[in-house]
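Reading through the structure tokens given below for one structure.
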Amino acid sequence: EDKTHLNVVVIGHVDSGKSTTTGHLIYQCGGIDKRTIEKFEK
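So the sequence shown is numbered by the UniProt record's numbering: it starts at 1 and just counts up by one.
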């Protein structure tokens, strides 16, 4: 499956949740496969 690449810039203060927000966005958009999710749940 061919996926379109998208560059995103997230700017914010220290400890404002940039990584958490970005991670949730990628997860919600299906950017993380099920095997990877299961690996980190262990």
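Note that the Cβ used here is the ideal one computed from N, Cα and C, for glycine as well.
Just to confirm, are residue i and residue j a CB contact at a threshold of 8 Å?
i: V8; j: K18; result: no
Just reading off the alpha helix (DSSP H) that residue i is part of, what are its end residues?
i: G23; result: K18 to Q28
i: I37; result: K34 to E41
Sort the options by Cα distance to residue i and report the nearest one.
i: G12; options: E41, I32, T22 and R35; result: T22
i: H5; options: C29, D15 and T20; result: C29
Tell me, please, whether the CB atom of residue i is closer than 8 Å to any CB atom in chain B?
i: H13; result: Absent from the structure is chain B; it holds one protein chain and no more.
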